[in-house]
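As structure tokens, the structure follows; a few thoughts come after it.
Number of protein chains: 2
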Amino acid sequence: MKHVVCGIDLGGTNSPFGFVEKDGNIAGGSAVKTTDYGTFEDYINALLDEIGKTQSKLKETKIVGFGIGAPNGNYYTGTVQDAPNLKWKGRLEFAKMLSGKTGLPAYLTNDANAAAIGEKLFGNAKGMKDFIIITLGTGLGSGIYCGGQLLYGSTGFAGEVGHIVVDFSGRPCGCGRKGCLEQYASATGIKKTVIEMLADGKKESMLRKYTEDEIDGKTIHDAAKQGDKLALEAFEYTGEILGKALANAVAFSSPEAIFLFGGLANAGEYIFEPAKRHMENNMLNNFRGTVKLLPSGLKENTAAILGAAALCWNEI
Amino acid sequence: MKHVVCGIDLGGTNSPFGFVEKDGNIAGGSAVKTTDYGTFEDYINALLDEIGKTQSKLKETKIVGFGIGAPNGNYYTGTVQDAPNLKWKGRLEFAKMLSGKTGLPAYLTNDANAAAIGEKLFGNAKGMKDFIIITLGTGLGSGIYCGGQLLYGSTGFAGEVGHIVVDFSGRPCGCGRKGCLEQYASATGIKKTVIEMLADGKKESMLRKYTEDEIDGKTIHDAAKQGDKLALEAFEYTGEILGKALANAVAFSSPEAIFLFGGLANAGEYIFEPAKRHMENNMLNNFRGTVKLLPSGLKENTAAILGAAALCWNEI
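Residue numbers (the numbering used here), protein chains in the order written: chain A, 1 to 316; chain B, 1001 to 1316.
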């Protein structure tokens, strides 16, 4: 009998899940559509139904627990609170409900923390005690390991590097403040940078042929690959702000490595090179040359499930 | 027989030490003058000599180990490396030498980390798992607890909050970079602020009667107490920069409390009130109202010794 943890990635649109063995092998999986269910209870029932169906197709597989990665997820309480991209508001008792209906242990944390645990168990952070993972997607999420422990802090919400303010009179952020790092260093951030640069009107750029909606991490990356100067400058600017913020983060926790993951990180050297250069150039002497800036070792399409499952494997 | 740890505070001018019992009681102590010794070995010999003499005056006291708080001290290696205010350069094997000469365990860390351990064992952070201590002296030192562990990071140098850059084109710092927090939020920082404000020439201030040398944390505090507008404005400005930086630190590690300690913290509400207000106003929603800004529970004249001793009590 194969023991697996069911890792669930609660997304705004879809909720993929997978049966993950202790070594990180995914024995099977499926998904439900998050937006299909009016109440959270209906969603949970449909999710468990689909998990049951999927499991019945596999032979000799025993689920020993659940791990959930969720936006605004709180590890201490196992709840999801007022996540901006979910229609169910208030406090969702995700872990308790799963556990109550199945009799199995269920653990929940936010997506970026799950990514960090996944990186440590199954990715490139094996054996590392101090590292940071930064997910550069629509926003900027982060998970931080200190001395071998994931950093939760007193509230359970530690590791909000995306909401470290880099310019107190900067771009408005969805959190209601101004100048948060994620307004610059994320897929959304580089898009804003490009649109500002285009509005400036002076530079030739192949990006001018796109509508605003068409400009995204991918079109900017493609333009950079073709040597488009404006796109290259946008990466340089994004890397500068990210690199300086990372130099400050290093002064705080002195990690062995920082991993970049998600949409914008797929631009490879276009983002890694300037981020690394500005990080090194702005680092306190003590830390120069001590921090590796690395790509994640997990594949983008399975990382969230692996991370969520890793959380549970870590606990049981 | 009373068991004590000898806590040593390696300072640029003096090296006070004390025999600290497990409950924080100081059974006795003395000091040697750091600057009196040409070589580090001479210093260690004189220090052990004075420790022996002091111990012989006490009855029934057994030293069970040494704890050392030192500038640029590294916990992992037990060494002091190129401390700016010490004349012995290179790598000083402080812990190894003490241990070698006495056969007793010796542990070393930097001053601010020692202060954090002291606060947890003997001060106001008892029972707290996540907190930050900020020492506002000549510079700004910090010690950070995460999940019940002191944060050392991969290098042993984590917790350099004083060298988090708040303005990349700001005041030059002794570290060779610009705009480090300690250039604003420290006794030196507020002095620089006052001197800039005085040079501005527009404001009446009783601080104009002092020479630059006479302007320090104490004269600025005294002027503020008498309602001097420029001094009050300097505290407001210092509190704003400190409060915003603390709001960013909270986004990283979500502490239960932040303790202010040392010279500038003695100005009480003049620094606590604006720092707290700007910290709250600039905090991410999740963290608002979750962080206490508190004075240290240790007395300034014994804190360093208690902290150094606490390090050793923690280990043995």
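All C-beta atoms in this analysis are idealised placements derived from N, C-alpha and C, irrespective of residue type, glycine included. Quick caveat: nothing in here was measured; it's all calculated off a predicted structure.
Residue of the options minimising C-alpha distance to residue i
| i | options | result |
| --- | --- | --- |
| Q1081 of chain B | B:T1109, B:F1066, B:H1278, B:T1188 | B:T1109 |
| L294 of chain A | A:E269, A:P84, A:N14 | A:E269 |
| G1123 of chain B | B:N1025, B:C1175, B:D1228 | B:N1025 |
| G90 of chain A | A:H3, A:F40, A:A106, A:I144 | A:F40 |
| A125 of chain A | A:T138, A:G143, A:T302, A:L136 | A:G143 |
| L1150 of chain B | B:D1216, B:K1129, B:G1176, B:S1030 | B:K1129 |
| Q183 of chain A | A:K299, A:L140, A:G201 | A:L140 |
| Y107 of chain A | A:N85, A:Y75, A:K120, A:G127 | A:Y75 |
| G1263 of chain B | B:E1256, B:L1232, B:K1229, B:K1299 | B:K1299 |
| E204 of chain A | A:K292, A:E233, A:G217 | A:E233 |
| K218 of chain A | A:S186, A:F157, A:F168 | A:S186 |
| R1177 of chain B | B:I1190, B:G1189, B:S1253, B:H1163 | B:H1163 |
| I383 of chain A | A:G201, A:A249, A:G289, A:N72 | The displayed coordinates of chain A run from 1 to 316. Any statement about residue 383 of chain A would go beyond what the structure contains. |
| K62 of chain A | A:T238, A:T102, A:T34, A:K87 | A:T102 |
| K1225 of chain B | B:A1199, B:T1238, B:I1271 | B:I1271 |
| G1073 of chain B | B:L1092, B:A1267, B:H1003 | B:L1092 |
| K1087 of chain B | B:D1228, B:R1288, B:G1012 | B:G1012 |
| A46 of chain A | A:G153, A:L58, A:E60, A:F17 | A:F17 |
| K2 of chain A | A:V161, A:D23, A:A265, A:L10 | A:D23 |
| F131 of chain A | A:S56, A:A116, A:A275 | A:A116 |
| L48 of chain A | A:G7, A:A83, A:G156, A:N85 | A:G7 |
| F1157 of chain B | A:S296, A:T290, A:I220, A:G297 | A:T290 |
Contact set between residue i and chain B, taken where Cβ atoms lie within less than 7 angstroms
| i | result |
| --- | --- |
| Y319 of chain A | Chain A is shown only over 1 to 316; residue 319 of chain A falls outside these bounds and no answer can be derived. |
| P255 of chain A | G1153, S1154 |
Interface partners of residue i on chain A, CB under 7 angstroms
| i | result |
| --- | --- |
| D1130 of chain B | G153, S154 |
| T1290 of chain B | S154, T155 |
Short Cβ contact (8 angstroms threshold) for residue i with residue j
| i | j | result |
| --- | --- | --- |
| A1245 of chain B | V1194 of chain B | no |
| G159 of chain A | N113 of chain A | yes |
| T1054 of chain B | S1030 of chain B | yes |
| V5 of chain A | V20 of chain A | yes |
| L242 of chain A | M197 of chain A | no |
| L136 of chain A | L260 of chain A | yes |
| G179 of chain A | G170 of chain A | yes |
| C1175 of chain B | N285 of chain A | yes |
| K292 of chain A | E256 of chain A | yes |
| G1078 of chain B | L1058 of chain B | no |
| S154 of chain A | S1254 of chain B | yes |
| D1216 of chain B | K1191 of chain B | yes |
| A267 of chain A | F235 of chain A | yes |
| D9 of chain A | A304 of chain A | yes |
| N346 of chain A | A247 of chain A | No answer is possible for residue 346 of chain A: it lies beyond the span of chain A, which begins at 1 and ends at 316. |
| P1071 of chain B | D1111 of chain B | yes |
Chain-ordered neighbours of residue i on chain B, where CB pairs are closer than 8 angstroms
| i | result |
| --- | --- |
| A231 of chain A | Within 8 angstroms Cβ-Cβ: nothing; A231 of chain A doesn't reach chain B, min ~24 angstroms. |
| I164 of chain A | N1248, A1251, F1252 |
| G176 of chain A | N1285 |
Within chain A, partners of residue i - CB distance below 8 angstroms
| i | result |
| --- | --- |
| Q1183 of chain B | Ordered by position in chain A, no residue passes the 8 angstroms Cβ test against Q1183 of chain B, which lies about 13 angstroms from the chain. |
Endpoints, beta strand (DSSP E) assigned at residue i
| i | result |
| --- | --- |
| F261 of chain A | 257 to 261 |
| S1015 of chain B | 1014 to 1020 |
| K1292 of chain B | 1292 to 1295 |
| V1064 of chain B | 1061 to 1070 |
| K178 of chain A | Counting along the chain, K178 of chain A falls outside any beta strand (DSSP E), and DSSP gives it neither H nor E. |
| G145 of chain A | Note that residue 145 of chain A corresponds to Tyr in the displayed sequence, not to Gly. Element bounds for Y145 of chain A: 140 to 146. |
| D1009 of chain B | 1002 to 1009 |
| G1024 of chain B | Careful: G1024 of chain B lies outside any beta strand (DSSP E) and carries neither H nor E. |
| Y1270 of chain B | Element bounds for Y1270 of chain B: not the beta strand (DSSP E) but the alpha helix (DSSP H), 1269 to 1281. |
| N1110 of chain B | 1106 to 1110 |
| L1136 of chain B | 1131 to 1136 |
| Q81 of chain A | 79 to 81 |
Partners in chain A for residue i, counting only beta-carbon separations shorter than 9 angstroms
| i | result |
| --- | --- |
| K1002 of chain B | Simply none; closest approach about 33 angstroms. |
Interface partners of residue i on chain B, CB under 9 angstroms
| i | result |
| --- | --- |
| I133 of chain A | Those do not exist, as I133 of chain A stays about 14 angstroms from chain B at its closest Cβ, beyond 9 angstroms. |
| E160 of chain A | V1250, A1251, F1252, S1254, L1284, N1286, F1287 |
| Q149 of chain A | C1146, G1147, G1148, Q1149 |
| V244 of chain A | Strictly speaking, residue 244 of chain A in this sequence is Lys, with Val absent from that position. Correct list: V1165, F1168. |
Residue i CB to nearest heavy atom of the ligand SAH below 7 angstroms
| i | result |
| --- | --- |
| K292 of chain A | The ligand SAH is not among the ligands present in this structure, which contains no ligands whatsoever. |
Enclosing alpha helix (DSSP H) for residue i [first to last residue]
| i | result |
| --- | --- |
| D222 of chain A | 217 to 225 |
| Y1043 of chain B | 1040 to 1057 |
| A1251 of chain B | 1229 to 1253 |
| I1316 of chain B | Segment: none, I1316 of chain B is in no alpha helix (DSSP H) and carries neither H nor E. |
| F94 of chain A | 94 to 102 |
| T1188 of chain B | 1187 to 1199 |
Checklist entry - At a cut of 8 angstroms, does the stretch 37 to 54 of chain A reach the stretch 91 to 109 of chain A through at least three beta carbon pairs? => result yes
Item to check | Touch test, the stretch 60 to 68 of chain A against the stretch 305 to 315 of chain A, Cβ-Cβ under 8 angstroms, three pairs minimum | outcome: The count of Cβ pairs closer than 8 angstroms, one atom from the stretch 60 to 68 of chain A and one from the stretch 305 to 315 of chain A, reaches three, so the stretches are in contact.
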